[in-house]
Structure formats: structure tokens, C-alpha cells
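Before any comments, here is the structure.
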Amino acid sequence: MNPLTALLLRDMRIAVRVGGGALIGVLFFVVVATLTPFAVGPDLALLKRIGPAILWLAALLASLLALDRLFAADYEDGSLDLILTGRAPLELVVAAKGLAHWLTTAVPLIVAAPVIGLLLDIEPPAQAGLVFTLLVGTPALTFIGVIGAAIAVTLRRGGLLLAIIVLPLTVPVLIFGVAAANAAVAGPVPFGTPFTVLCTLTLASLVVGPFAAAAALRLDIE
Amino acid sequence: MRLSAVDLTCRRGGREVFAGIGFRVAAGQALAVTGRNGAGKSSLLRIVGGFIRPAGGRLWLEGGGSELSIAEQAHYLGHQDAVKPSLSVAENLRFWAAFFGGGTSKIGDALESVGLGAIAALPAAYLSAGQRRRLSIARLLAVKRPIWLLDEPASTLDAGARDRLTGFMQSHLAEGGLIVAATHGELGLSAAQELSLDPPVHASLAQAHQAAEASSP
């Protein structure tokens, strides 16, 4: 088996077992999105207007939840040392771990999004657009997040620092993700314009994230 | 294959841990690194493993794979066992075997030889410290790499497991591997060279101190 495939499968296996982070992210997402209508009240027009923003915010915070263990767990138990003695380039190792994180935290959340959308009065045709923006935008959240996860790896309680490092960098993704989702739900802006920018952000983060995170990890180990 | 170092200096947190360390280990030989706590045994191993850069000196390998770094040809057995509690014993070992590019065919044999064959399906969360260490050692057996860097390999092992470890090291050396091990006790290898990281000046000071104490009434 290819070393990177082995790593991907291992990380996914750990995530879905007891104590893994996969369920926590999607549960958090569902809880936030479910509580919003209770907090806002039964104003359907308002819910429809803020619905995409709520779902995107919940998705951002949910993907952040499992991120702080992404490298920290491997650092603490010595696995990261051994990974460095492997023959797979560290950049690709980061990419494989990022992919595992996305598959285990973002994908369940994307699957849950249409059901949760009903609570926020987002109707089926608009739901498809919203789900599509999450599908395209959440990889950017993960791959911006890996940079913060790699920087905060040596800190015992790195979660908060991780949020402080990562959240400002995710603001553009949030802006264009919500803009595209709003365009799909309510208009009047064409869907294509913000969506193209969202695609750009994702592609850029897929390239920059692994290199930046790998550089940070090499420094962490020293 | 020969691993050599000249004049290695290690600085951690602004403090010089050791300086001017040199050694030469050829295929089939073992080097036992000794020294008091904090003398830099682990740091020396981590320098050889490429995890930290030496502040000075040179380290090189002759006769290995020319495209590979020393770390990529080495097994590092550190204080931490790199065992994931939610995976089973066999899953842990299978992952490392696949990650290091070895076949997964030798996993059963490796687990048998460290005495974990009967609990291969058990989640690793239930292992004792000694059993986790044995699982780490199984990694060295499941994937062949010529250089073994062992940091206190016997620290949590019982007497029987220690003897087995000595056996593994002897057969590794007999197959032309080389071993660098940090240790407080005996490795059980008759032919091991010893490299002491204790600075000689400390030893002579201690002797002078003892002599002064002995002579005073």
C-alpha cells in the first residue's frame, strides 16, 4: 500500500472510532443550526436571509473543532518523529492528513446541510446551491486550518491560539462562501461571480497550505 | 556502510549540551551512548535521526542508498511509542509497515517474535507500557532498515523481553545492520563500542572533590 494511502486510511479510522473527532464536528454543526431558529424566533423571512450565513459560520467553527488534534496528537505520541523518517514528502503527508480531516469532518456536515437547511426555510433548489458552496469552500477551511494546526502543535492548549491564527485567514472564504450561498438562496447577485472567487480561494489554499504547514512542522520538531 | 561523525556540537535552548563528539560505526557494529541524565544522549540520537540540526560538526553515511537521507534509512525508537490507542495492535503495526514501504507480510511474524501475537486484535489502549514498547520494537522487525537508533530501548521491558531485544539486536548486526543506542544499563552486546558524553573535566573534578573529602578529617 502507498504510504500516503495508509496514512489517509489510518487517520480516517481513528477519526470515526471512539474519541475521534468526526462526529463532534457534525454534531456541533447540527446543534448550532438547530438552535438558531429558537433564538431568532419564527420570522421565516429573517431566517431565510441569515440562513446561509448561519450554516457557513457553523461549518467554519465545526471544521476548526477537530483541527487542533490534527498534528498535536501525532506530535505528543511520537508518531510525527516517525513520519519524518518515512520516505513520503512532508508536504504530501500534510495534504493526506488534511484530506482525511476534510473527509471525516466536512463531508458529514455537507450531507447534513440540506436537512438542516429546512429548519432555516431554505427550499430544495436553493439548498443545492448552498450545499455546492459548502462542498467547494470547506476544503479551503481545512487547508488554511492545517497551517494553524502545524504552528500550534507544540502548545499544550493550542486550540485557542489555533482559532486566533486561522479565523482571520478564513474571512475571505466566509465572505465569498456566504455571498455565493445567498445568491443561490435569494439572489439578486449572479451565483457565478462569488462562486468563482470561492473556487480560487480553495485552489490557492490547497497549494499554499501543505507547504506552509510542512515548514512549520519541521521547525516544531526542533 | 559506515556512519561517521566528527566534532558534533549540540545546543538546546541556548545551552551547550555537548561539543566535540565524534564516532564511527560500521556495518555490523553497535555504538552504546552513555552519560548522566541531561548529558545529551537523546539529543545525539535525534541529531543522527535528522530531527534536530547540530550546532556544529559533520555527520555522514558512506555506502547507504545515495538518494536517501540517514533518517530515511533509519528506525528511530524514542521514548514515545507512537501507538494509537483506538487502533488494534495489528492495525498499529500494519500502518507503520505500510507507511515505511515494507510489505505487510511480516506483521504476524513480528508480533509473534515480540510476544504480542495472541493479542493482535486487542485495541492498543489496553496495552501496558512494556507491551507498547514491544509493539514499537515489532516495527523494527516488520520493515527492514539498516540503521537502528534506539533511545533507552530496554527501559520498560521485563527481563525476558530484554533478552529477546538483545537477540534482535544481535541478528540485526549479523545481517550487516548498525545500531546506535543510548543506554544506562548493559545492552548485552559483547562487541559494542562505548561513547561517553560525560565531559572528562567533570569526572576529574568529582575525583578531586572525593579526594579532598577523603583527606579531610
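Taken in sequence, the protein lines are chains A and B.
At position 172 of the first sequence the residue is numbered 172 (the numbering used here), and the sequence of numbers has no breaks.
To convert, take the position in the second sequence, counting from 1, and add 1000; that gives the numbering used here.
Backbone N, C-alpha and C define an ideal beta-carbon position, used for all residues, glycine too.
Keep in mind that this is a model prediction, so the values were computed, not measured.
Note down, in chain order, each residue of its chain lying with its Cβ closer than 8 Å to the Cβ of residue i, except the 5 sequence neighbours on either side.
| i | result |
| --- | --- |
| Leu1073(B) | Note on identity: in this sequence residue 1073(B) is Gln, with Leu being the wrong assignment. Correct list, in chain order: Leu1061, Gly1064, Gly1065, Arg1145, Pro1146, Ile1147. |
| Ala1203(B) | Legend: pLDDT at Ala1203(B) = 49, less than 50; position of this residue unreliable, no value from coordinates given. |
| Leu1140(B) | His1075, Leu1077, Trp1148, Phe1168, His1172 |
| Gly1185(B) | Ala1154 |
| Leu44(A) | Asp121 |
| Gly1130(B) | Thr1156, Leu1157, Asp1158, Ala1161 |
| Ser1069(B) | Gly1050 |
| Val93(A) | Leu4, Leu7, Ile83, Gly86, Ala214 |
Going along the chain, which residues of its own chain have a beta-carbon closer than 6 Å to the beta-carbon of residue i, five neighbours each way excluded?
| i | result |
| --- | --- |
| Ser205(A) | Ala140, Phe143, Ile144 |
| Val1025(B) | Leu1003, Leu1031, Leu1178 |
| Gly51(A) | Leu120, Ile122 |
| Ala95(A) | Pro210 |
| Ala15(A) | Gly21, Ala22, Thr104 |
| Gly1013(B) | none |
| Ile1052(B) | Arg1046 |
| Ala226(A) | This structure cannot settle anything about residue 226(A), because the visible part of chain A is limited to 1 through 222. |
Cβ of residue i less than 8 Å from any chain A Cβ?
| i | result |
| --- | --- |
| Leu1178(B) | no |
| Glu1112(B) | no |
| Ser1086(B) | yes |
| Phe1168(B) | no |
| Trp1096(B) | yes |
| Gly1160(B) | no |
| Gly1049(B) | yes |
| His1184(B) | no |
| Leu1003(B) | no |
Would you say residue i faces chain B, with C-beta separation under 8 Å as the test?
| i | result |
| --- | --- |
| Thr85(A) | yes |
| Gly25(A) | no |
| Gly98(A) | no |
| Val18(A) | yes |
In the DSSP output, what is residue i paired with across the bridge?
| i | result |
| --- | --- |
| His1075(B) | Trp1148(B) |
| Ala1032(B) | Ala1181(B), Glu1194(B) |
| Cys1010(B) | Phe1018(B) |
| Gly1004(B) | Before going on, a small fix: residue 1004(B) reads as Ser here, not Gly. According to DSSP, which records beta bridges pairwise, Ser1004(B) is partnered with Arg1024(B), Trp1060(B). |
Give every residue of the same chain whose Cβ lies closer than 7 Å to the Cβ of residue i, excluding the five residues on either side of it in the sequence, and list them in chain order.
| i | result |
| --- | --- |
| Ala113(A) | Leu55, Leu130, Val131, Leu134 |
| Ile24(A) | Leu65, Ala66 |
| Leu1165(B) | Ile1137, Pro1153, Ala1154, Leu1157 |
| Ala72(A) | Val153, Gly158 |
| Arg1133(B) | Asp1081, Thr1156, Leu1157 |
task: Quick one: which residues of the stretch 2–14 of chain A get their C-beta closer than 7 Å to a C-beta of chain B? List them in chain order.
output: Contact annotation: in the stretch 2–14 of chain A, residues whose CB is within less than 7 Å of a CB in chain B are Pro3, Ala6, Leu7, Arg10, Arg13, Ile14.
query: What residues in the stretch 1052–1066 of chain B have a beta carbon less than 9 Å from any beta carbon of chain A?
result: Ile1052, Arg1053
field: Runs of beta strand (DSSP E) wholly within the stretch 1110–1188 of chain B (minimum 3 residues, chain order)
entry: 1147–1151, 1178–1182
task: Could you name the residues of the stretch 1114–1137 of chain B whose beta carbon sits closer than 8 Å to any beta carbon of chain A, in the order they occur along the chain?
output: Cβ contacts with chain A: none found.
- prompt: Listed from N- to C-terminal order along the chain, which residues in the stretch 198–222 of chain A have their beta-carbon within a distance smaller than 8 Å of any beta-carbon of chain B?
  reply: Interface annotation for the stretch 198–222 of chain A against chain B: Ile221, Glu222, criterion Cβ-Cβ distance under 8 Å.
task: Could you please tell me which residues of the stretch 50–83 of chain A, in chain order, have their CB closer than 9 Å to any CB of chain B?
output: Ala73, Asp74, Glu76, Asp77, Gly78, Ser79, Leu80, Asp81, Leu82, Ile83
Residues of the stretch 1006–1037 of chain B whose Cβ lies closer than 9 Å to any Cβ of chain A, in chain order: Within the stretch 1006–1037 of chain B, no residue qualifies.
- prompt: Unbroken alpha helix (DSSP H) runs of length 4 or more, entirely within the stretch 21–76 of chain A: which are they?
  reply: 22–40, 44–65, 72–76
field: Near-chain A residues of the stretch 1065–1083 of chain B - C-beta to any C-beta below 8 Å
entry: Leu1068, Ala1071, Glu1072, Ala1074, His1075, Tyr1076, Gly1078, His1079, Gln1080, Asp1081, Ala1082, Val1083
query: Just by C-beta distance, which residues in the stretch 1098–1109 of chain B are closer than 8 Å to chain A?
result: Ala1098, Phe1099, Phe1100, Gly1101, Thr1104
message: To test your reading of the DSSP string, which unbroken alpha helix (DSSP H) runs of 4 or more residues are found completely within the stretch 1036–1101 of chain B?
response: Runs found: 1041–1048, 1089–1099.
field: Unbroken stretches of the alpha helix (DSSP H), 4 residues or longer, contained in the stretch 104–133 of chain A
entry: 107–119
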